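Read top to bottom, the protein sequences are chains A and B.
Heads up: the first sequence is residues 1 to 263, going by the numbering used here.
Heads up: the second sequence is residues 264 to 422, going by the numbering used here.
Ideal Cβ positions, reconstructed from N, Cα and C, are used throughout, including at glycine.
Predicted, not measured: the structure shown is a model, and the values here were computed from it.
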Amino acid sequence: MFSALAGMFGGIGHRIIDRLWRFGSGLRFFAYILIYSGESFRRLHLTIREIYFTGVLSLIIMLVSAFFVGMVLALQGYNTLQRYGSSEAIGVLVALSLVRELGPVVTALLFAGRAGTAITAEIGLMKATEQLSAMEMMAVSPIARVVAPRFWAGVLSMPLLAALFSMVGVLGGYMVAVPLIGVDSGAFWSQMQASVDFKEDILNGIIKSVVFGVACTLIALFEGFDAPPTAEGVSRATTRTVVNSSLAVLGLDFVMTSFMIVA
Amino acid sequence: MERTTIDLWVGVFAAAGAAALFGLALKVGNFNSATLGETYSVTGAFENIGSLKPRAPVKSAGVVVGRVDNIKFDTNTYEALVTVKVDKRYPFPKDTFANIYTAGLLGEQYIGLEAGGDDKMLQDGDKFSKTQDAVVLEKMISQFLYSKASETNDTKEAE
């Protein structure tokens, strides 16, 4: 009985220590990426290629979901607002929720699912097929050649994707509110412009999306780089990428929002 | 340098992202009205500012002419000191009235300026000589009930 209990606590402790170990080596990995960034910027075409794979190819899923999110927000918002006779405020509701929260957060979650998994699987497989060791043999740093371009591509793509998400979401909200429901188009835009602040709302949203970009890309890269070089190891690493990225995004979102709202 | 189709797509992506940012700033946000350009600041003392907040609009005849810059509490007079920044394009006379109004029944509060007839204009760092406080709904209701009650008492006594 006692030994079983001790074993259980021992197991928990072991897992916690293992997590902390991974967290620490993840941070060391981040430092390596920053150190090797200069070297990878000298071959800029690598980064541009990765922007194509992480940013451009994610566009379609982002834009379609943004359109639907905006439309749903407008429908739901109208349902509540019209009870208080202020259905013109629907533009404010759609724009603020998209620019402040949904734009950066949903973009980051979709990014983790669309681009993050691809990065993890690709790097994990490169490791499993010993391509990374082959690079080291040829005195080419795999971090400078493979990891850093993907990191910067993710960090640069995320704010652009989030801005596009918010803009297309607002257009989706407009499509529902104005032609479908019949809210006045002038009131929709003017109320929105009166309450959305460039610094407080839009700039803070962009800051959020940059932080999410760093977090999601770093997690995807690290999980891939740290994956056991087996088929099972790569598949587990891919799952961990999605789980850890989502948790990191939502947790960081709470922390940043509490700072931004108080200030 | 050799050009590839990937470069084109990345260019399109970056341009679209930048366009979305500009769209958010100009169409969704109030980037153009938030930057007032050259301003001068005038201070007004109010006994009660209600729920006036920094960055609330300052309007005259319904047109936004400035914004509330900061709100302080003065311990000498126990009044609120509200500093507003007014656009340099709109000079106001020295005896301009500053009132705190509410947009709609429950809307946000703003400062309304009513121009007086003085020849001299307000300069940077001046004070509003005449101010009017925010209307506090509870105070108004209690005053109304009180006057109603005293009215009915009067009529009863008359009978």
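Requested in this report: List the residues of chain A whose Cβ lies closer than 8 angstroms to the Cβ of V291 of chain B, in chain order.
Outcome: Neighbours of V291 of chain B on chain A, chain order: A95, V99, S166, M167, V170, M192, Q193, V196, I202.
Query raised in the report: Do V249 of chain A and V146 of chain A have their C-beta atoms closer together than 9 angstroms?
Result: Contact annotation: V249 of chain A and V146 of chain A have beta-carbon atoms that are not nearer than 9 angstroms.
Report task. Please go through the same chain and pick out, in chain order, the residues whose beta-carbon is closer than 7 angstroms to the beta-carbon of I61 of chain A, but skip the five residues on each side of it. Result -> So the qualifying residues of the chain are L110, R114.
Query raised in the report: What are the partner residues of E342 of chain B, as DSSP defines its beta bridges?
Result: According to DSSP, E342 of chain B bridges with B:D337.
Requested in this report: Answer with yes or no whether the minimum CB distance from R330 of chain B to chain A is below 9 angstroms.
Outcome: By this cut-off, R330 of chain B is not an interface position.
Requested in this report: Could you please give me the residues that DSSP links to N362 of chain B through a beta bridge?
Outcome: Answer by DSSP bridge pairing, in chain order: B:G375, B:Q395.
Query raised in the report: Helix, strand or coil for G205 of chain A per DSSP?
Result: Here DSSP, grouped into helix, strand and coil, assigns G205 of chain A to helix.
Query raised in the report: Along the segment 46 to 71 of chain A, what residues have a CB closer than 7 angstroms to any CB found in chain B?
Result: Within the segment 46 to 71 of chain A, the qualifying residues are I48, R49, I51, Y52, G55, V56, L59.
**Report entry** Pair within 9 angstroms by beta-carbon distance, L376 of chain B and T359 of chain B
**Finding:** Contact check for L376 of chain B against T359 of chain B passes: the beta carbons are separated by less than 9 angstroms.
Query raised in the report: Among all the DSSP beta bridges, which residues are the ones paired with S304 of chain B?
Result: Checking the DSSP bridge columns, you'll see S304 of chain B partnered with B:K348.
Query raised in the report: the segment 299 to 330 of chain B: which residues have C-beta closer than 7 angstroms to a C-beta of chain A, in chain order?
Result: From the segment 299 to 330 of chain B, no residue has a Cβ closer than 7 angstroms to chain A.
Report task. Examine chain B for any beta-carbon lying closer than 9 angstroms to the beta-carbon of L110 of chain A, and answer yes or no. Result -> Chain B contact via Cβ: absent.
Query - A397 of chain B at chain A interface by Cβ criterion, 9 angstroms - result: With respect to chain A, the C-beta atom of A397 of chain B has no partner C-beta closer than 9 angstroms.
Report task. In the DSSP assignment, find the alpha helix (DSSP H) that holds V255 of chain A and state where it starts and stops. Result -> In the DSSP annotation of this structure, the continuous segment of the alpha helix (DSSP H) that includes V255 of chain A starts and ends at 231 to 262.
Query raised in the report: Among B:G280, B:E301, B:R266, B:V321, which one has its Cα closest to the Cα of T231 of chain B?
Result: Since the first residue shown for chain B is 264 and the last is 422, residue 231 of chain B is missing from the structure and cannot be characterised.
Requested in this report: Spatial neighbours of S37 of chain A within its chain, please: CB distance less than 6 angstroms, with the 5 preceding and 5 following residues excluded, ordered by chain position.
Outcome: Excluding sequence neighbours, S37 of chain A sits near A148.
Report task. Tell me V327 of chain B's beta-bridge partners as DSSP assigns them. Result -> According to the DSSP secondary-structure assignment, V327 of chain B is paired through a beta bridge with B:K322.
Report task. Please name the residue, chosen from A:I16, A:V262, A:M8, A:L44, that lies closest to W152 of chain A on a Cα-to-Cα basis. Result -> Of the candidates A:I16, A:V262, A:M8, A:L44, the one whose C-alpha sits nearest the C-alpha of W152 of chain A is A:L44.
Report task. On a CA-only basis, which of A:R100, A:V94, A:L93, A:G77 is nearest S258 of chain A? Give me that one, please. Result -> Put simply, of A:R100, A:V94, A:L93, A:G77 the residue whose alpha carbon is nearest the alpha carbon of S258 of chain A is A:R100.
Requested in this report: Can you grab the Cα-Cα spacing for the pair A128 of chain A / R150 of chain A, in whole Å?
Outcome: If you take the alpha carbons of A128 of chain A and R150 of chain A, they lie about 19 angstroms apart.
Report task. May I have the straight-line CA-CA distance separating E329 of chain B from G300 of chain B, to the nearest angstrom? Result -> Here the sequence assigns Gly to residue 329 of chain B, which means Glu is not the residue at that position. Using only the alpha carbons, I get a separation of about 10 angstroms.
Query raised in the report: On the premise that A31 of chain A lies in contact with T107 of chain A, defined as a C-beta separation below 8 angstroms, what is that separation, rounded to the nearest angstrom?
Result: Taking 8 angstroms as the upper bound for CB-CB distance, T107 of chain A and A31 of chain A are not in contact here, some 26 angstroms apart.
Query raised in the report: Which chain B residues sit within Cβ distance under 9 angstroms of L160 of chain A?
Result: What L160 of chain A touches in chain B: F276, A277, A279, G280, A281, A283, L284.
Query raised in the report: What three-state label does DSSP hand P289 of chain A in the structure shown?
Result: Residue 289 of chain A cannot be examined here, being either before or after the span of chain A that is shown, 1 to 263.
Requested in this report: State whether the segment 87 to 94 of chain A contacts the segment 166 to 181 of chain A, with contact taken as three or more CB pairs (one from each stretch) at a distance under 8 angstroms.
Outcome: The segment 87 to 94 of chain A, when compared against the segment 166 to 181 of chain A, does touch it at the 8 angstroms Cβ threshold.
Query - Proximity test, Cβ basis, 9 angstroms: S157 of chain A and chain B - result: Answer yes: the Cβ-Cβ gap between S157 of chain A and chain B drops below 9 angstroms somewhere.
Query - Buried versus exposed call for P317 of chain B [16 or more other C-beta atoms within 10 Å across all chains shown] - result: By the 10 Å Cβ count, P317 of chain B comes out exposed.
Report task. Could you have a look at D332 of chain B and say whether DSSP puts it in helix, strand or coil? Result -> Three-state result, D332 of chain B: strand.
Query raised in the report: Using 9 angstroms as the limit for Cβ to Cβ distance, is I206 of chain A near chain B?
Result: For I206 of chain A, the nearest beta carbon of chain B is closer than 9 angstroms to its own beta carbon.
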